[in-house]
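S.K.: Pasting in a structure now, in structure tokens, and then I'll have a few things to ask.
There are 2 protein chains.
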Amino acid sequence: MNYVIWFTGLSGSGKSTIAEKLYHFLKDKGEKVEYLDGDIIRDTFPKTGFDKNSRVEHIKRIGFIASLLEKHGITVICSFISPYKNSRDYVRKICKNYKEIYISTPIEHCEKRDIKGLYKKARNKEIKNFTGISDPYQKPENPELTIDTSKESVEVSLGKVIKFLKL
Amino acid sequence: MNYVIWFTGLSGSGKSTIAEKLYHFLKDKGEKVEYLDGDIIRDTFPKTGFDKNSRVEHIKRIGFIASLLEKHGITVICSFISPYKNSRDYVRKICKNYKEIYISTPIEHCEKRDIKGLYKKARNKEIKNFTGISDPYQKPENPELTIDTSKESVEVSLGKVIKFLKL
């Protein structure tokens, strides 16, 4: 069975790290798999803005792509902050086997890592509408799986996803 | 071999009629095929506006979807007015086997048909930025195939596409 595996969480929460490893795990197994990540597709497929409506529409578009690929038997791994519940629920609705994985790493931990230096810029107000600082993140209420990367290694997190989805 | 088969032409030119028939032809043959049409995906995947930039970005997004599906061995049939050369060229660039089919049906003929009543509204200025009336259509310079549906039946046009692409 193929899935749409949707990673949601704050910037720096570790979602893309796990998602990428999961992609390579499935690819190496010979599965039909695609990886969609905000950072990767930004050039071709940019958000049209950072206000709530633009963010929601952006996730709807990504969800549409995921559902198309899923329909053709491809497992789609998506890694997007996707801060709004209604946009994630929309994707769940249009996909057959949507699995939401909430990377719940606390913001203090994400900000401490600050791999891309974005939190610093958001605190200095060089970046506006930054999720968790100046823009909301609506926590998933019923995700299929929750992972906190501040408490375990990437390998342990990856193992949990693989085991949970029986991949 | 799988393709991205891109139908471009004015509203009412007959592109979607041929594209749909081609989709069913391939589907019935058991091919892996997807159909993307402006009218169909409008709800999930709307243009963000009708100005030049919005139109170009919209086609870039569609092209990205087509290239993803193509990568996974699926033939993608696209039917979009896609009035700007640079956006079509962008799709050509990111796809491996892009085949542009220009439906060259003259505007007088499209307007005479006016199946959706859009030309009338455009003439009455009820619709703004209408391609061919109040917005430009840049004719393809080197399409793989050109078809004028004012001169032949749908079946003849379809046959030309099938023969040309050796489908």
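Chains as they are written, first to last, in the working numbering: chain A, 1 to 167; chain B, 1001 to 1167.
Built from N, CA and C at the ideal position, the CB exists for glycine as well.
Report back the beta-carbon spacing between L26 (chain A) and T105 (chain A) to the nearest angstrom; my notes put them in contact at under 8 Å.
M.R.: Wrong, their Cβ atoms sit about 23 Å apart, outside the cutoff.
S.K.: State yes or no: is the C-beta of I101 (chain A) within less than 8 Å of the C-beta of V33 (chain A)?
M.R.: No, the pair does not count as a contact, with Cβ atoms beyond the cut-off.
S.K.: Check whether the Cβ atoms of Y1090 (chain B) and R1055 (chain B) lie closer than 8 Å to each other.
M.R.: Result no, Cβ atoms of Y1090 (chain B) and R1055 (chain B) do not sit closer than 8 Å.
S.K.: Decide if the region 67-82 of chain A is in contact with the region 10-29 of chain A; the criterion is three or more beta carbon pairs, one per stretch, under 8 Å apart.
M.R.: In short, these stretches touch, since the Cβ pair count reaches three.
S.K.: Taking a cut of 7 Å between CB atoms, which residues from the region 1061-1073 of chain B lie near chain A?
M.R.: Those would be R1061, F1064, I1065, L1068, L1069 and H1072, in chain order.
S.K.: Terminal residues of the continuous beta strand (DSSP E) containing I81 (chain A)?
M.R.: That residue, I81 (chain A), is in no beta strand (DSSP E); it is neither H nor E in DSSP.
S.K.: Please state the DSSP three-state secondary structure of K1166 (chain B).
M.R.: It is coil, neither helix nor strand.
S.K.: Ignoring anything shorter than 3 residues or poking outside the region 1130-1166 of chain B, list the beta strand (DSSP E) runs there in chain order.
M.R.: Correct list: 1145-1147.
S.K.: Whole angstroms are fine: how far does the CA of N1124 (chain B) sit from the CA of E70 (chain A)?
M.R.: So the two alpha carbons sit approximately 43 Å from each other.
S.K.: For R1042 (chain B), is the classification buried or exposed, using 16 other Cβ atoms within 10 angstroms of its Cβ as the cut-off for buried?
M.R.: R1042 (chain B) is exposed by the Cβ-count criterion.
S.K.: F1045 (chain B) touches chain A at which residues, Cβ-Cβ below 7 Å?
M.R.: Within 7 Å Cβ-Cβ: R61 and F64.
S.K.: In chain order, which alpha helix (DSSP H) runs of at least 4 residues are fully inside the region 1040-1118 of chain B?
M.R.: Listed in chain order, the complete alpha helix (DSSP H) runs (minimum 4 residues) inside the region 1040-1118 of chain B are 1052-1071, 1085-1094 and 1107-1113.
S.K.: Could you check where the alpha helix (DSSP H) with E126 (chain A) kicks off and where it finishes?
M.R.: From DSSP, E126 (chain A) is part of no alpha helix (DSSP H); its letter is neither H nor E.
S.K.: Per DSSP, what kind of secondary structure is G38 (chain A) in: helix, strand or coil?
M.R.: Helix at G38 (chain A).
S.K.: Just to check my reading of the structure: V1154 (chain B) and K1021 (chain B) have Cβ atoms closer than 8 Å, yes? What is that Cβ distance to the nearest angstrom?
M.R.: The Cβ separation is near 7 Å, so the contact holds.
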